[in-house]
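Q:
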Amino acid sequence: MAYSEKVIDHYNNPRNVGTLNKDSKFVGTGLVGAPECGDVMRLQIEVSEDNVITDAKFKTFGCGSAIASSSLATEWLKGKTIDEALSIDNMDIVEELALPPVKIHCSVLAEDAIKSAINDYRVKNGLEAIVLEKSHH
Amino acid sequence: MKQPIYLDNNATTPLDPRVLEAMLPYFTEKFGNAASRNHAFGWVAEEGVDYAREQVAKLIGCTEKEVIFTSGATEADNLAIKGVFEMYKEKGNHIITAVTEHKAVLDTCKHLEKHGARVTYLGVKEDGLVDLAQLEAAMTPETILVSIMYGNNEIGVIQPVKEISAIAHKYGALFMTDATQAVGKIPVDVNADGIDLMAFSAHKMYGPKGVGALYVRRKNPRVKVTSQMDGGGHERGMRSGTLNVPGIVGLGKACELCRLEMESEAIRLSGLRDRLESTLSKMEESYVNGNTQHRLPHVANISFKYVEGEGLMMAMSDLAVSSGSACTSASLEPSYVLKSLGLSDDLAHSSIRYGLGRFTTEEEIDQAIAVTEKAVNHLRELSPLWEMFKEGIDLSKIEWAEH
């Protein structure tokens with residue numbers, strides 16, 4: 001299958017690969033997917049006192065599109081407020097990376113990872129978790 | 001663009017230039033229909049086909065009359081299994097095959113199940129081989145056919161064909177084998193192996209695509225199959241359709257070259273394969289799939305744990321290889337062959353098949369090793385699973401959100 005240039009770029013030069021201290025109360029961690037399904041994403045955000053995402057890191061086990069989706073997500077997250085981050089839709093990722101239909105699930109996973117990281121942060125800080133829509137895959 | 005190194009010779013092989021040379025005249029000046037009995041154009045074409053039949057027969061130890069030319073192994077598998085089922089349905093309706101067979105066999109059997117066949121799909125042992133005791137236990141008086149492949153296309157294991165055919169015959173069943181990956185690569189002798197029907201293809205042995213053959217035994221016992229296509233009654237009435245003369249000539253030449261070069265080539269290829277495999281299996285958490293004693297000389301199937309096969313292939317774009325992962329399919333199901341060995345889904349997703357061939361060089365193998373090592377290390381740097389493994393976290397204890 002042919003990948004778009006943007007997918008190849010993120011794949012070859014992934015942005016923000018790494019690990020944040022998951023025990024810090026300023027860090028939210030989302031771990032989504034399953035090894036059996038061939039993709040697992042871990043996305044982490046570091047949030048400042050005024051609710052701005054100051055850092056984002058990821059690690060992904062999966063195909064090129066999954067790696068690119070999570071790499072792109074970390075780029076987008078930095079500098080956004082939590083509320084802005086919640087509005088990132090998987091279809092924005094599909095569009096930006098020109099993902100083919102068989103790879104849409106990779107973008108869904110990235111959206112899930114963002115929401116799951118935000119919820120982890122919220123719960124750690126005594127806030128209620130946001131009810132997530134059941135992902136459509 | 002620089003061509004990648006071709007290591008997917010189980011999918012198809014390049015045409016040997018010597019085969020092409022033999023074929024060329026049959027496209028132009030020797031264009032006749034091999035069934036035209038009234039003029040020299042037909043006779044010349046028929047001579048080409050007859051000679052090819054001899055070349056094929058010599059490779060597998062049969063007589064020329066036992067070779068039925070087809071469009072490839074898929075058609076030969078269909079003709080053998082459906083043809084036997086229809087011809088012998090008075091005797092019984094039971095067919096035995098194995099879960100690791102090619103789709104051409106499995107889906108043919110599934111088709112027959114809709115038409116009254118009872119099919120047993122034998123599981124395989126961890127090393128990919130059929131359990132002989134299990135086979136014998138599955139035999140019944142209604143069993144008309146046992147169809148087990150010779151060498152597996154994904155992991156290269158060679159089934160104990162002699163023992164399997166002996167069991168089939170003991171219970172009065174015929175033995176058919178899809179030998180697409182084995183013929184031309186290792187010695188295959190239909191008499192020594194007790195084979196009654198055998199499918200194979202030219203393009204897996206440096207011949208052209210679109211041509212193959214079905215071996216159908218004529219003596220002890222005389223095997224008959226019902227034709228699956230109606231028409232001019234070519235190929236002793238078993239396969240109608242104007243013969244693909246250039247293709248058949250190519251198959252013949254390919255068989256001859258394989259026969260003459262097999263011994264030295266098998267030694268060369270298994271040497272290269274072992275070099276590839278022993279180096280890569282020294283990497284942490286890498287596993288060789290399938291039996292390593294009984295297998296084809298040119299295949300290595302290795303799982304690199306904690307990296308995903310399709311992502312890995314992307315990092316190895318300098319190599320043309322194949323992966324057991326199928327992340328592109330809607331089902332996200334990894335290889336059913338690897339799963340049937342008892343491999344967990346994540347290991348099946350992490351597998352790469354290297355298929356070496358006649359034109360593979362030592363330099364290419366060394367490059368393949370370097371490319372693979374670099375790619376696996378790169379992806380493990382990105383892999384959350386690798387990090388967790390390194391921290392000593394038991395991944396099987398994590399509740400993954402299945403999706």
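Chains A and B, in that order, are what the protein sequence lines are. Going by full-length UniProt numbering, the first sequence opens with residue 1, and the numbers climb by one from there. Going by full-length UniProt numbering, the second sequence opens with residue 1, and the numbers climb by one from there. Glycine residues also receive a C-beta, built at the ideal position from the N, C-alpha and C atoms. Every value quoted in this text rests on a predicted model; they were computed, and no experiment measured them.
Identify which residue in B/Gly290, B/Arg273, B/Ala348 has its Cα closest to the Cα of B/Gly309.
A: For the residues B/Gly290, B/Arg273, B/Ala348, the minimum Cα distance to B/Gly309 belongs to B/Ala348.
Q: Pull out every residue of the segment 337 to 350 of chain B whose Cβ sits closer than 8 Å to any Cβ of chain A, in chain order.
A: Going along the segment 337 to 350 of chain B in chain order, one finds Ser344, Asp345, Asp346, His349 with a Cβ nearer than 8 Å to chain A.
Q: Please work out which residues of its chain come closer than 7 Å, Cβ to Cβ, to A/Tyr11, disregarding the five sequence neighbours upstream and downstream, and give them in chain order.
A: Cβ neighbours of A/Tyr11 beyond the five flanking positions: Gly64, Ile67, Ala68.
Q: Compute the beta-carbon to beta-carbon distance between B/Lys125 and B/Thr108, rounded to the nearest angstrom, for a pair I have assumed lies under 8 Å.
A: Incorrect: roughly 24 Å between the Cβ atoms, too far for contact.
Q: Starting from the C-beta of B/Arg295, find all residues in its chain whose C-beta is less than 6 Å away, skip the five residues before and the five after it, and write them out in chain order.
A: Excluding positions up to five away in sequence, the list reads Gly156, Val157, Ile158.
Q: Among B/Leu280, B/Glu263, B/Pro297, which one has its Cα closest to the Cα of B/Leu269?
A: Nearest option by C-alpha distance: B/Pro297.
Q: By how many angstroms is the C-alpha of B/Thr140 removed from the C-alpha of B/Leu272?
A: Rounded to the nearest angstrom, the two C-alpha atoms are 44 Å apart.
Q: What residues in its chain sit with their C-beta under 6 Å from that of B/Leu20, if we drop five residues either side in the sequence?
A: Hits under 6 Å: none found.
Q: Could you pull the start and end residues of the alpha helix (DSSP H) that A/Ser69 belongs to?
A: Where A/Ser69 is concerned, the enclosing alpha helix (DSSP H) stretches over 64 to 77.
Q: Could you check the C-alpha separation between A/Tyr3 and B/Val49 for me, to the nearest Å?
A: Approximately 45 Å, taken between the alpha carbons.
Q: Checking contacts by CB at 8 Å: is B/Leu319 closer than that to chain A?
A: False, the Cβ-Cβ gap to chain A never drops below 8 Å.
Q: Helix, strand or coil for B/Ser270, going by three-state DSSP, please let me know.
A: Reduced to three states, the DSSP call for B/Ser270 is helix.
Q: Could you check the C-alpha separation between A/Asn80 and A/Leu86 for me, to the nearest Å?
A: A quick correction: the sequence has Lys, not Asn, at residue 80 of chain A. Answer to the nearest angstrom: the Cα atoms are 10 Å apart.
Q: Using beta-carbon positions only, say whether B/Leu312 and A/Pro35 come within less than 8 Å of one another.
A: The answer is no: Cβ separation not under 8 Å.
Q: Kindly indicate which three-state DSSP category B/Ile68 falls into: helix, strand or coil?
A: Here B/Ile68 sits in strand by DSSP.
Q: Could you tell me which chain B residues have their CB closer than 8 Å to the CB of A/Lys25, listed as they occur along the chain?
A: Ordered by position in chain B, no residue passes the 8 Å Cβ test against A/Lys25, which lies about 21 Å from the chain.
Q: Please report the Cβ distance between A/Ala117 and A/Thr29, rounded to the nearest whole angstrom; I am assuming they are in contact, meaning their Cβ atoms lie under 8 Å.
A: Indeed, because the Cβ distance is near 6 Å, the residues count as touching under 8 Å.
Q: Since B/Ile60 contacts B/Met198 with CB under 8 Å, what's their CB separation in whole angstroms?
A: With 8 Å as the limit, B/Ile60 and B/Met198 qualify as a contact, their Cβ atoms being about 7 Å apart.
Q: Any C-beta of chain A within less than 9 Å: which residues of the segment 153 to 186 of chain B qualify?
A: From the segment 153 to 186 of chain B, no residue has a Cβ closer than 9 Å to chain A.
Q: Can you find the residues in the same chain that come closer than 6 Å, C-beta to C-beta, to B/Cys327, ignoring five residues on each side of it along the sequence?
A: With a pLDDT of 48 at B/Cys327, under the threshold of 50, the modelled position of this residue cannot be trusted, and the question is left open.
Q: Cβ of B/Val288 within 8 Å of Cβ of B/Leu379?
A: No, the Cβ-Cβ distance between B/Val288 and B/Leu379 is not below 8 Å.
Q: Quick check: what's the CA-CA separation for B/Thr360 versus B/Glu256?
A: Going by the C-alpha atoms only, they are around 20 Å apart.
Q: When the Cα atoms are used, what is the spatial distance from B/Tyr354 to B/Glu265?
A: Spanning the two alpha carbons is a distance of roughly 17 Å.
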